[in-house]
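Colleague:
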Amino acid sequence: MSSRRSRSRHSASSRITDEQMNELISKLQTLLPEARLHTNDRPVTNANAAKVLQEICSYIRSLHREVDNLSERLSELLETTDNNSAQAAIIRSLLM
Numbered sequence: 028m029s030s031r032r033s034r035s036r037h038s039a040s041s042r043i044t045d046e047q048m049n050e051l052i053s054k055l056q057t058l059l060p061e062a063r064l065h066t067n068d069r070p071v072t073n074a075n076a077a078k079v080l081q082e083i084c085s086y087i088r089s090l091h092r093e094v095d096n097l098s099e100r101l102s103e104l105l106e107t108t109d110n111n112s113a114q115a116a117i118i119r120s121l122l123m
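Residue numbers for the sequence shown follow my numbering, so the first one is 28 and each next one is one higher.
Structure representation (structure tokens):
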């Protein structure tokens, strides 16, 4: 029984409020490149919160694709570079 009470106390104290959630979503929105162009101080609603989260997920996926593409290009560049050169060392450090 006491473990049940302690869990409910812990979960109640660790819950995030709607206001905190909206603030976090607003902060995430500022990280989107498009959001920087449009400075809007509209309050976050459930509808646009869902849209912001979808855009953030899409943006993160595009960043992953970009990292993969750049890593591939660096690997190709490394193949054409003298392994003992300073340039090769830099490329290897970027790939790690």
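Every residue, glycine too, gets a C-beta built ideally from N, C-alpha and C.
(1) Look at the Cβ atom of Leu104, then the Cβ atom of Leu122, and state whether they are nearer than 7 Å.
(2) Identify the continuous alpha helix (DSSP H) that holds Ile118 and give its terminal residues.
(3) Check whether the segment 73-88 touches the segment 43-56, taking contact to mean three or more Cβ pairs, one atom from each stretch, closer than 8 Å.
(4) Could you name the residues of the same chain whose beta carbon sits closer than 6 Å to that of Val71, not counting the 5 residues immediately before and after it, in chain order?
(5) Check this for me: beta carbons of Thr108 and Ala116, under 7 Å apart or not?
(6) State the Cα-Cα distance for the pair Asp45 and Leu59, rounded to the nearest angstrom.
Modeller: Quick answer:
(1) Locating residue 104 in the sequence shown gives position 77, counting from the first residue. Locating residue 122 in the sequence shown gives position 95, counting from the first residue. Leu104 places its beta carbon 7 Å or farther from that of Leu122.
(2) One-based indexing of the sequence shown puts residue 118 at position 91. Its alpha helix (DSSP H) spans residues 113-122.
(3) Enough Cβ pairs lie closer than 8 Å, so yes.
(4) Taking the sequence shown and counting its residues from 1, the one referred to as residue 71 is at position 44. Excluding residues within five positions, the ones whose Cβ falls inside 6 Å are Asn49, Ile52, Ser53.
(5) Start at 1 with the first residue of the sequence shown, and residue 108 comes out as number 81. Start at 1 with the first residue of the sequence shown, and residue 116 comes out as number 89. For Thr108 and Ala116, no; Cβs fall outside 7 Å.
(6) One-based indexing of the sequence shown puts residue 45 at position 18. One-based indexing of the sequence shown puts residue 59 at position 32. Distance between the alpha carbons of Asp45 and Leu59: 21 Å.
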